[in-house]
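Below is one structure, written out as structure tokens; comments come after it.
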Amino acid sequence: AGGSHDHGASEQDIGLTPLEYKLLHFIVVHPGQVFNRVQLMKNILEPGVHVNEENIYTHVCAVRRKLGIYASLLECIPRVGYRFAGTSTGGGQTSAA
Numbered sequence: 017a018g019g020s021h022d023h024g025a026s027e028q029d030i031g032l033t034p035l036e037y038k039l040l041h042f043i044v045v046h047p048g049q050v051f052n053r054v055q056l057m058k059n060i061l062e063p064g065v066h067v068n069e070e071n072i073y074t075h076v077c078a079v080r081r082k083l084g085i086y087a088s089l090l091e092c093i094p095r096v097g098y099r100f101a102g103t104s105t106g107g108g109q110t111s112a113a
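Residue numbers for the sequence shown follow the numbering used here, beginning at 17 and rising by one.
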């Protein structure tokens with residue numbers, strides 16, 4: 017546990033925390049599907065771990081900031097949730113829609 021994870025078009029380390037990585041990975045492997053905060057918490061948090069729903073927003077913002085020019089691929093759908101706007105090509109590779 018700990019450390020950062022690599023993700024990105026050039027495989028560069030963008031400094032994601034383990035939770036940020038789980039959040040991004042979960043959304044990316046379900047391209048186009050919208051997830052609300054409760055759904056994200058249920059799918060990325062360890063059993064028995066409880067956080068305020070607002071913390072998910074904070075983590076999404078952090079991931080988008082770290083994605084830099086690719087931030088728009090992690091979309092916020094007002095009053096609904098979040099989705100990955102690219103396409104998943106399998107094997108962890110992604111591309112813009």
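Heads up, the beta-carbon is just placed ideally off N, CA and C, and yes, glycines get one too.
All values reported here derive from a predicted model rather than from experimental measurement.
DSSP beta-bridge partners for residue i?
{"i": "glutamate 70", "result": "None; glutamate 70 has no bridge partner."}
So what does DSSP say about residue i, is it helix, strand or coil?
{"i": "alanine 101", "result": "coil"}
{"i": "glutamate 62", "result": "coil"}
{"i": "glycine 84", "result": "helix"}
{"i": "valine 96", "result": "coil"}
By alpha-carbon positions, which one of the options ends up nearest to residue i?
{"i": "glutamate 62", "options": "Gly31, Thr74 and Lys38", "result": "Lys38"}
{"i": "leucine 40", "options": "Val50, Leu90, Val96 and Val67", "result": "Leu90"}
{"i": "tyrosine 73", "options": "Leu83, Arg53, Asn59 and Asp29", "result": "Arg53"}
{"i": "phenylalanine 100", "options": "Phe51, Val67, Lys82 and Glu69", "result": "Phe51"}
{"i": "valine 96", "options": "Gln49, Val45 and Val44", "result": "Gln49"}
{"i": "isoleucine 93", "options": "Val76, Asn59, Thr103 and Leu35", "result": "Val76"}
{"i": "glutamate 36", "options": "Gly102, Thr103, Leu83 and Ser88", "result": "Leu83"}
{"i": "glycine 31", "options": "Val67, Arg81, Thr103 and Phe42", "result": "Arg81"}
{"i": "proline 34", "options": "Pro47, Tyr98 and Ile60", "result": "Ile60"}
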